[in-house]
Amino acid sequence: ARALSAALARLLHLPWFVFDYWSEVPTHAIPSAAVAAEEPRYPVLILLTELDAFRQSNTFQVEELVSHGYVVAAIDQPYAAAVVSFPDGRQITGWTKAEIKPLYDQSLSPSGGAPTLNGQALPRGILPYFAQDVSFTLDLLAARNAHDPNGILSERLDLQRVGIFGVSLGAMIAGEACHADSRLKACLMMDAAMPADVVQAGLRQPSMWITRDAGTMRLERQRSGGWSEAEIAQTLGTTRAVFNESRPGYGYYVQVPGMFHLNFTGAPYWSPLLPFLGLVGPIDARQGFAIVNAYSLAFFDRALEGRPSTLLDGPSTQYPEVFFETR
Numbered sequence: 007a008r009a010l011s012a013a014l015a016r017l018l019h020l021p022w023f024v025f026d027y028w029s030e031v032p033t034h035a036i037p038s039a040a041v042a043a044e045e046p047r048y049p050v051l052i053l054l055t056e057l058d059a060f061r062q063s064n065t066f067q068v069e070e071l072v073s074h075g076y077v078v079a080a081i082d083q084p085y086a087a088a089v090v091s092f093p094d095g096r097q098i099t100g101w102t103k104a105e106i107k108p109l110y111d112q113s114l115s116p117s118g119g120a121p122t123l124n125g126q127a128l129p130r131g132i133l134p135y136f137a138q139d140v141s142f143t144l145d146l147l148a149a150r151n152a153h154d155p156n157g158i159l160s161e162r163l164d165l166q167r168v169g170i171f172g173v174s175l176g177a178m179i180a181g182e183a184c185h186a187d188s189r190l191k192a193c194l195m196m197d198a199a200m201p202a203d204v205v206q207a208g209l210r211q212p213s214m215w216i217t218r219d220a221g222t223m224r225l226e227r228q229r230s231g232g233w234s235e236a237e238i239a240q241t242l243g244t245t246r247a248v249f250n251e252s253r254p255g256y257g258y259y260v261q262v263p264g265m266f267h268l269n270f271t272g273a274p275y276w277s278p279l280l281p282f283l284g285l286v287g288p289i290d291a292r293q294g295f296a297i298v299n300a301y302s303l304a305f306f307d308r309a310l311e312g313r314p315s316t317l318l319d320g321p322s323t324q325y326p327e328v329f330f331e332t333r
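Letter by letter, the sequence shown follows residues 7 to 333 in my numbering.
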């Protein structure tokens, strides 16, 4: 928690100690928890977080999915996460948005002058490179499923039922990974634009997008900055373009007015000051979490478990503020 606090404080231009209290925050997680005995195997989900976040950023969502029978593998990707600590003690601090934006912009809207990284040109941008982390993780999970030296996961993972979910940059990478790796059977992407090759080819897996309307994005810009008109058009335009090409019964589009970008993460729990800083939206934070959790669970239950869900059949009386479409 201390290394993470220092890295985030640097990125957000805050005092180094401001998030040190995270080491005292209780969750429902414990180290080396035994796998539940009700089922012989459980489906697997991979989580990718937003830029300069960390794999615990969506603990509220992970806990909900795990409590319903999913194994979640959350990745801290070097240079995308706030900080990554390796077993040998090395630490890699995440890039700032200014440093990484030209690299992922090339994936979203390719231009003739490809950016370079360490002297290597990236004509497709950096998202295909980050997507390889997902395939690498699937390989490691397969090895751990065959033999877990800790004796916890051996033969307990159902790797025929694997999904992925991500927020912001993580959602972009999730879309790219689903485009590249057929082992991923369900794709949930939250509040992010889609890569150009995904827009061109579409996604063959069941896919859900959870985002918000342009008016809410403009309100966020008014209160705390960001979200230019070009970014709004790109985010909503590319997600809807991929959704519109979904196979019948495979596409779900969810808009939640009143949610700002950080409402898709656990950030509303981090500090009571965030609403006063304009960083979280006017929606009640717990209601936002409830909506994200309900639609996430319903989607993966239908896509990976074949369970029916009335929530995915049309508008919901339980969540009347949600605008819902399906293909």
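Cβ coordinates follow ideal geometry from the N, Cα and C atoms, glycine included.
As the structure is a computational prediction, the values presented were derived from the model and not from experiment.
According to DSSP, simplified to helix, strand and coil, what is Thr316? The DSSP-derived three-state label of Thr316 is helix.
Could you give the C-beta distance for Trp215 and Tyr259, rounded to a whole number, given that I count them as a contact under 8 Å? At roughly 5 Å, the Cβ-Cβ gap stays under 8 Å, so Trp215 and Tyr259 are in contact.
Can you list, in chain order, the residues of its chain whose CB lies under 6 Å from that of Pro288, leaving out five sequence neighbours each side? If we look at Pro288 and ignore the five residues flanking it on each side, its Cβ neighbours are Gly264.
Need the endpoints of the alpha helix (DSSP H) that Pro108 sits in, please. Here the alpha helix (DSSP H) through Pro108 covers Lys103 to Leu114.
For Glu44, which of Gly75, Ala300 and Leu209 has the nearest alpha-carbon? Taking each of Gly75, Ala300 and Leu209 in turn and checking the Cα distance to Glu44, the smallest one comes out for Gly75.
Glu311 lies in the beta strand (DSSP E); which residues open and close that run? Premise fails: Glu311 lies in the alpha helix (DSSP H), Ala291 to Glu311, not in any beta strand (DSSP E).
Do you know how far the Cα of Trp28 is from the Cα of Ala7? Roughly 6 Å between the two C-alpha positions.
Met340, DSSP secondary structure in three states: In the structure as shown, the chain starts at 7 and stops at 333, and residue 340 therefore has no counterpart that could be examined.
Report the partner residues of Phe329 according to the DSSP bridge assignment. Beta-bridge analysis with DSSP links Phe329 to Gln261.
If you run the structure through DSSP and keep just helix, strand and coil, what is Arg224? Looking at Arg224 - three-state DSSP - the assignment turns out to be helix.
Would you decide whether Glu235 is buried or exposed? Buried here means 16 or more other CB atoms lie within 10 Å of its CB. So Glu235 counts as exposed.
Of the residues Leu303, Leu163, Pro212 and Ile132, which one's Cα is nearest the Cα of Pro201? Answer by Cα proximity: Ile132.
From Ile22 to Ser230, what does the alpha carbon distance come to, in whole angstroms? The identity of residue 22 in the sequence shown is Trp, whereas the question assumes Ile. A straight line joining the alpha-carbon of Trp22 with that of Ser230 spans about 22 Å.
Please confirm whether Ala199 and Thr241 have their CB atoms less than 8 Å apart. Cβ atoms of Ala199 and Thr241: closer than 8 Å.
Per-residue burial, Ser252 [other beta carbons within 10 Å of its own, 16 or more giving buried]: Residue environment for Ser252: buried (at least 16 other C-beta atoms within 10 angstroms of its C-beta).
Flag this pair as touching only if the stretch 168-178 and the stretch 46-63 have three or more C-beta atom pairs under 8 Å; answer yes or no. Flag = yes, the stretch 168-178 and the stretch 46-63 touch.
Between the stretch 110-117 and the stretch 143-158, can you find at least three pairs of beta-carbon atoms closer than 8 Å? No, the stretch 143-158 does not touch the stretch 110-117.
Count the CB pairs spanning the stretch 85-104 and the stretch 57-64 that are closer than 8 Å, and state whether there are at least three. Touching, yes.
May I ask you to list the residues that DSSP assigns as paired with Ala35? DSSP output for Ala35 lists no bridge partner at all.
Between Val31 and Pro93, what straight-line distance do the alpha-carbon atoms span, to the nearest angstrom? Approximately 24 Å between the Cα atoms of the pair.
How many whole angstroms separate the CB atoms of Ser315 and Leu194, which I take to be in contact at a CB cut-off of 8 Å? 14 Å between Cβ atoms; not a contact.
First and last residue of the uninterrupted beta strand (DSSP E) at Tyr48: Unbroken beta strand (DSSP E) run through Tyr48: Tyr48 to Leu54.
Since I believe Gly284 is in contact with Asn64 (beta carbons under 8 Å), could you give me their beta-carbon distance rounded to a whole number of angstroms? About 22 Å; that fails the 8 Å criterion.
Ala192 beta carbon less than 8 Å from that of Gln211: Yes, the Cβ-Cβ distance between Gln211 and Ala192 is below 8 Å.
Host beta strand (DSSP E) of Arg167 (start-end): Unbroken beta strand (DSSP E) run through Arg167: Leu163 to Val173.
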